[in-house]
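Student:
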Amino acid sequence: MKRTTISRRGFLGMLGSGSAAALALGAGLRPTPAAAAPMAQANGSAGFTLPPLPYAYNALEPFIDTATMELHHQRHHGAAVNNLNNALKDYPELRQREISDLLANISQLPEAVRGGVRNAGGSHLNHMIYWATMGPGGGGQPNGALAQAIGSTFGSFDAFKQQLTDLSLRIFGSGWGWLALDRSGKLQLISRPNQDAPVMDGFNVIVGIDMWEHAHYLKYQHRRADYVAAWFNVINWESVGKRFDAANQAL
Ligand SMILES: [Fe+2]
30 MKRTTISRRG FLGMLGSGSA AALALGAGLR PTPAAAAPMA QANGSAGFTL
80 PPLPYAYNAL EPFIDTATME LHHQRHHGAA VNNLNNALKD YPELRQREIS
130 DLLANISQLP EAVRGGVRNA GGSHLNHMIY WATMGPGGGG QPNGALAQAI
180 GSTFGSFDAF KQQLTDLSLR IFGSGWGWLA LDRSGKLQLI SRPNQDAPVM
230 DGFNVIVGID MWEHAHYLKY QHRRADYVAA WFNVINWESV GKRFDAANQA
280 L
């Protein structure tokens, strides 16, 4: 299967195209939602790699601190990439596939690798989306089709913000809070424990917040509500809006 090599373009340009879905269809597998592949990348012989952030580690100050960003990206996300490659060390053909493709079709993978793909692979995908949907100069509100959809689904942006905040703060232990598009094209707020990626259930996530302690503990300690409030100030709504458009086109 020929794969397209995509050079480093930064996260914002890597919002997924139809390529992953087309490849999955060609292989007779479930199509991968386009927006679930935020940074479609060709995996070299070494397998998956940790993409660089599209902004400096200090770019999200004062909302997300530099030390947290460095540790989070280099150590936590980096470890997930290493663990994913280790989990697939005996399956070089799987290391060449998109992570969103593997997760969307996890039930068809060899049983020996499912745990690694679910946990490390889920972490890899979730973090790529997290980095790609934040940025300096963020915050505010979306516009365009996403703004209309949020308004019609939740009543207002403020109501959406409150509901996503509440849902994220209700997560017990580690997990993620997401705004996602379901298979029928309806926006939903969902949470998932650990690193479970919603693409495993057919959801195409639009934007989400990492509620693991490593995402906030250095700066906010137990004050999770302060972290969630800060995160809204660094959301890159332009990037999120593109993900929403791509997800709709993939329906
Ligand atoms: Fe994380």
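Residues in the sequence shown are numbered from 30 upward in steps of one, following the numbering used here.
We treat Cβ as the ideally placed atom computed from N, Cα and C, and that holds for glycine.
Quantities reported herein were computed from a predicted structural model and do not represent experimental measurements.
Under 8 Å by Cβ, that's how I've got Arg221 and Trp207 pegged, so tell me the actual separation to the nearest angstrom.
Tutor: About 7 Å; that satisfies the 8 Å criterion.
Student: Using a 10 Å radius around the Cβ and a threshold of 16 neighbouring Cβ atoms, would you call Leu113 buried or exposed?
Tutor: So Leu113 ends up on the buried side.
Student: Please determine whether the Cβ atom of Tyr84 lies at a distance below 8 Å from any heavy atom of ligand 1.
Tutor: For ligand 1, not one heavy atom lies less than 8 Å from the Cβ of Tyr84.
Student: Decide if Ala75 is buried, meaning its Cβ has at least 16 other Cβ atoms within 10 Å, or exposed.
Tutor: Result: exposed.
Student: Identify which residue in Met157, Ile200 and Asn87 has its Cα closest to the Cα of Val254.
Tutor: Reading off the sequence, residue 254 comes out as Ala, not Val. For Ala254, the nearest C-alpha among the options comes from Ile200.
Student: Do the segment 233-247 and the segment 134-145 meet, that is, are 3 or more Cβ pairs less than 8 Å apart?
Tutor: No, the segment 233-247 does not touch the segment 134-145.
Student: In this structure, what does DSSP give as the bridge partners for Gln217?
Tutor: According to DSSP, Gln217 bridges with Ala209.
Student: With DSSP collapsed to three states, give me the class of Thr61.
Tutor: Low confidence applies here, because Thr61 scores a pLDDT of 49, under 50, leaving its location unreliable and the question unanswered by this model.
Student: Measure the C-alpha to C-alpha separation of Ala109 and Ser152 and round it to an integer number of angstroms.
Tutor: Roughly 6 Å between the two C-alpha positions.
Student: By the DSSP assignment, the alpha helix (DSSP H) with Val110 in it spans what residues?
Tutor: First-last of the alpha helix (DSSP H) with Val110: Gly107 to Ala116.
Student: Work out the CA separation of Ser136 and Leu217 for me, nearest whole Å.
Tutor: One point to set straight first is that residue 217 is Gln, not Leu, in the sequence displayed. When rounded, the distance between both Cα atoms is 24 Å.
Student: With a threshold of 9 Å between beta-carbons, can Leu113 be considered close to chain C, or not?
Tutor: This model lacks chain C altogether; it includes just one protein chain.
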